[in-house]
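In the working numbering, the protein residues as written are 31 to 207.
The beta carbon of each residue, even a glycine, is placed where N, CA and C say it ideally should be.
First the structure, in the form of C-alpha coordinates, and then the observations on it.
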(Lines of atoms letter the chains of each structure in order from A and count residues from 1; the text may use other names and numbers.)
(Lines give C-alpha, C1' and ligand atoms only; values in the text may rest on other atoms or scores of the structure.)
Protein backbone atom coordinates (compact mmCIF):
# COMPACT_ATOMS: atom_id res chain seq x y z
CA UNK A 1 0.00 0.00 0.00
CA UNK A 2 1.30 3.44 -0.91
CA UNK A 3 0.15 6.49 1.05
CA UNK A 4 0.90 10.09 0.09
CA UNK A 5 0.76 12.59 2.97
CA UNK A 6 0.58 16.38 2.78
CA UNK A 7 -0.38 19.14 5.18
CA UNK A 8 -1.19 22.81 5.54
CA UNK A 9 -2.59 23.76 2.14
CA UNK A 10 -4.16 26.83 3.79
CA UNK A 11 -6.59 27.43 0.95
CA UNK A 12 -4.06 27.36 -1.90
CA UNK A 13 -5.69 25.84 -4.98
CA UNK A 14 -2.33 26.16 -6.76
CA UNK A 15 -0.63 23.77 -4.32
CA UNK A 16 -3.69 21.59 -3.72
CA UNK A 17 -3.65 20.80 -7.44
CA UNK A 18 0.09 19.99 -7.30
CA UNK A 19 -0.38 17.68 -4.30
CA UNK A 20 -3.28 15.86 -5.97
CA UNK A 21 -1.27 15.51 -9.20
CA UNK A 22 1.70 14.14 -7.22
CA UNK A 23 -0.56 11.59 -5.47
CA UNK A 24 -2.04 10.51 -8.81
CA UNK A 25 1.39 10.18 -10.41
CA UNK A 26 2.53 8.07 -7.45
CA UNK A 27 -0.52 5.79 -7.91
CA UNK A 28 -1.28 6.33 -4.23
CA UNK A 29 -3.71 3.94 -2.59
CA UNK A 30 -4.47 6.59 0.03
CA UNK A 31 -3.99 10.34 0.32
CA UNK A 32 -3.85 11.79 3.85
CA UNK A 33 -4.14 15.56 4.30
CA UNK A 34 -3.04 16.45 7.82
CA UNK A 35 -5.15 19.57 8.35
CA UNK A 36 -5.39 23.31 7.74
CA UNK A 37 -7.03 22.74 4.36
CA UNK A 38 -9.04 25.86 3.55
CA UNK A 39 -8.26 28.85 5.78
CA UNK A 40 -4.89 30.62 5.70
CA UNK A 41 -4.96 31.42 9.44
CA UNK A 42 -4.46 34.76 11.17
CA UNK A 43 -0.67 34.40 11.43
CA UNK A 44 -0.04 33.37 7.83
CA UNK A 45 0.00 35.47 4.66
CA UNK A 46 -2.40 34.62 1.86
CA UNK A 47 -0.79 31.77 -0.08
CA UNK A 48 -0.45 31.76 -3.85
CA UNK A 49 -3.75 30.78 -5.46
CA UNK A 50 -5.82 31.36 -2.31
CA UNK A 51 -9.22 29.93 -3.20
CA UNK A 52 -10.69 27.71 -0.46
CA UNK A 53 -13.77 26.74 -2.48
CA UNK A 54 -11.52 25.64 -5.35
CA UNK A 55 -9.48 23.53 -2.90
CA UNK A 56 -12.73 21.86 -1.79
CA UNK A 57 -13.70 21.25 -5.43
CA UNK A 58 -10.30 19.74 -6.26
CA UNK A 59 -10.44 17.43 -3.23
CA UNK A 60 -13.98 16.39 -4.18
CA UNK A 61 -12.88 15.52 -7.72
CA UNK A 62 -9.77 13.57 -6.62
CA UNK A 63 -10.18 10.02 -7.89
CA UNK A 64 -8.54 8.17 -4.98
CA UNK A 65 -9.18 7.31 -1.36
CA UNK A 66 -8.62 10.29 0.91
CA UNK A 67 -8.58 11.11 4.63
CA UNK A 68 -8.82 14.69 5.91
CA UNK A 69 -7.57 15.45 9.40
CA UNK A 70 -8.61 18.52 11.35
CA UNK A 71 -5.98 21.18 11.92
CA UNK A 72 -5.94 24.14 14.27
CA UNK A 73 -7.11 26.47 11.46
CA UNK A 74 -10.00 24.16 10.48
CA UNK A 75 -13.36 25.11 11.98
CA UNK A 76 -16.84 23.61 11.96
CA UNK A 77 -17.74 25.84 9.04
CA UNK A 78 -14.99 24.17 6.99
CA UNK A 79 -16.82 20.85 7.21
CA UNK A 80 -19.67 22.51 5.31
CA UNK A 81 -17.46 22.83 2.20
CA UNK A 82 -15.37 19.73 2.84
CA UNK A 83 -16.28 16.67 0.80
CA UNK A 84 -15.17 14.48 3.72
CA UNK A 85 -15.49 14.68 7.50
CA UNK A 86 -12.52 16.13 9.40
CA UNK A 87 -11.14 13.78 12.02
CA UNK A 88 -8.54 14.77 14.66
CA UNK A 89 -6.19 11.81 14.08
CA UNK A 90 -6.00 8.16 13.12
CA UNK A 91 -3.65 5.19 13.30
CA UNK A 92 -2.41 2.79 10.67
CA UNK A 93 -0.49 -0.44 11.11
CA UNK A 94 1.78 -1.53 8.27
CA UNK A 95 5.06 -3.35 7.87
CA UNK A 96 5.06 -4.23 11.57
CA UNK A 97 4.94 -0.55 12.58
CA UNK A 98 2.25 1.46 14.32
CA UNK A 99 1.82 4.89 12.74
CA UNK A 100 -0.07 7.84 14.25
CA UNK A 101 -1.29 10.63 11.95
CA UNK A 102 -2.33 14.01 13.37
CA UNK A 103 -2.15 17.70 12.53
CA UNK A 104 0.50 18.45 15.15
CA UNK A 105 -0.94 21.23 17.31
CA UNK A 106 -1.76 18.71 20.08
CA UNK A 107 0.50 15.73 19.41
CA UNK A 108 3.98 16.29 18.01
CA UNK A 109 7.61 15.41 18.70
CA UNK A 110 7.54 17.40 21.96
CA UNK A 111 4.25 15.77 23.02
CA UNK A 112 4.00 12.40 21.25
CA UNK A 113 1.15 9.94 21.72
CA UNK A 114 2.24 6.86 23.64
CA UNK A 115 2.90 3.52 22.02
CA UNK A 116 3.56 4.39 18.37
CA UNK A 117 6.63 3.68 16.26
CA UNK A 118 6.05 6.56 13.84
CA UNK A 119 4.41 9.96 14.35
CA UNK A 120 3.43 11.88 11.22
CA UNK A 121 2.23 15.43 11.72
CA UNK A 122 2.09 18.79 9.98
CA UNK A 123 1.36 22.14 11.67
CA UNK A 124 4.93 23.46 11.82
CA UNK A 125 5.35 23.83 8.02
CA UNK A 126 8.85 22.29 8.24
CA UNK A 127 9.56 19.30 6.01
CA UNK A 128 11.76 16.71 7.71
CA UNK A 129 12.17 13.16 8.97
CA UNK A 130 13.90 12.54 12.30
CA UNK A 131 14.54 9.50 14.47
CA UNK A 132 14.89 9.80 18.23
CA UNK A 133 14.95 6.99 20.79
CA UNK A 134 13.68 4.50 18.23
CA UNK A 135 10.68 6.60 17.15
CA UNK A 136 10.45 8.14 13.68
CA UNK A 137 8.99 11.64 13.47
CA UNK A 138 7.99 13.02 10.08
CA UNK A 139 6.48 16.28 8.85
CA UNK A 140 5.69 16.82 5.16
CA UNK A 141 5.96 20.59 5.61
CA UNK A 142 3.56 22.89 3.81
CA UNK A 143 3.29 22.99 0.02
CA UNK A 144 1.82 26.51 0.14
CA UNK A 145 3.61 28.17 3.08
CA UNK A 146 6.89 26.35 3.90
CA UNK A 147 8.91 27.67 6.84
CA UNK A 148 12.55 27.56 7.97
CA UNK A 149 13.77 27.27 4.36
CA UNK A 150 12.34 23.77 3.98
CA UNK A 151 10.98 22.33 0.74
CA UNK A 152 7.38 22.31 -0.44
CA UNK A 153 7.15 18.70 0.57
CA UNK A 154 5.02 15.59 0.70
CA UNK A 155 5.65 12.27 2.38
CA UNK A 156 5.31 8.86 0.75
CA UNK A 157 4.70 5.88 3.02
CA UNK A 158 5.05 2.29 1.83
CA UNK A 159 5.09 -0.91 3.85
CA UNK A 160 8.73 -0.52 4.90
CA UNK A 161 9.75 3.04 3.94
CA UNK A 162 8.84 6.64 4.69
CA UNK A 163 10.28 9.21 2.31
CA UNK A 164 10.17 13.00 1.99
CA UNK A 165 9.77 14.31 -1.55
CA UNK A 166 9.55 17.72 -3.15
CA UNK A 167 6.40 18.35 -5.17
CA UNK A 168 8.57 17.93 -8.26
CA UNK A 169 9.31 14.32 -7.27
CA UNK A 170 12.84 14.69 -5.87
CA UNK A 171 13.43 12.40 -2.88
CA UNK A 172 15.14 14.34 -0.05
CA UNK A 173 15.13 12.01 2.97
CA UNK A 174 14.08 8.47 3.74
CA UNK A 175 13.88 6.01 6.61
CA UNK A 176 13.32 2.25 6.27
CA UNK A 177 12.50 -0.56 8.68
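From the options, residue whose alpha carbon lies closest to that of residue i
i, options, result
"residue 171", "164, 163, 188, 193", "193"
"residue 182", "44, 145, 32, 92", "44"
"residue 80", "104, 42, 50", "42"
"residue 175", "39, 204, 33, 55", "39"
"residue 58", "157, 204, 185", "185"
"residue 32", "62, 145, 200", "62"
"residue 115", "56, 139, 89", "89"
"residue 145", "165, 161, 48", "165"
"residue 161", "196, 195, 204", "204"
"residue 37", "173, 200, 196, 147", "173"
Between the CA atoms of residue j and residue i - distance to the nearest angstrom
i, j, result
"residue 60", "residue 206", "19 Å"
"residue 163", "residue 127", "15 Å"
"residue 102", "residue 117", "12 Å"
"residue 177", "residue 159", "15 Å"
"residue 122", "residue 129", "5 Å"
"residue 120", "residue 100", "11 Å"
"residue 52", "residue 74", "24 Å"
"residue 124", "residue 187", "10 Å"
"residue 87", "residue 198", "23 Å"
"residue 98", "residue 64", "6 Å"
"residue 105", "residue 96", "19 Å"
"residue 94", "residue 50", "9 Å"
"residue 142", "residue 83", "33 Å"
"residue 202", "residue 55", "18 Å"
"residue 76", "residue 139", "27 Å"
"residue 167", "residue 191", "13 Å"
"residue 85", "residue 156", "21 Å"
"residue 147", "residue 107", "34 Å"
"residue 47", "residue 169", "20 Å"
"residue 34", "residue 91", "17 Å"
"residue 72", "residue 200", "32 Å"
"residue 196", "residue 179", "13 Å"
"residue 78", "residue 137", "28 Å"
One or two residues paired with residue i in a DSSP bridge
i, result
"residue 120", "131"
"residue 63", "36, 98"
"residue 208", "This structure cannot speak to residue 208, because the chain is shown only from 31 to 207."
"residue 42", "80"
- [ ] Output the residue ranges of the alpha helix (DSSP H) runs that lie fully inside the stretch 136-203 and measure 4 residues or longer, sorted by chain position.
- [x] You should have found no qualifying run.
Open item on the list: Pairs of beta-carbons, one from the stretch 150-160 and one from the stretch 128-136, closer than 8 Å: are there three or more?
Closed with: Counting Cβ pairs under 8 Å, three or more are found: they touch.
TODO: Flag this pair as touching only if the stretch 100-119 and the stretch 61-71 have three or more C-beta atom pairs under 8 Å; answer yes or no.
DONE: With a cut-off of 8 Å, the stretch 61-71 and the stretch 100-119 count as touching, because enough Cβ pairs lie within range.
TODO: Mind listing, in chain order, the continuous alpha helix (DSSP H) runs of no fewer than 4 residues lying wholly within the stretch 81-123?
DONE: You should have 82-91, 106-111.
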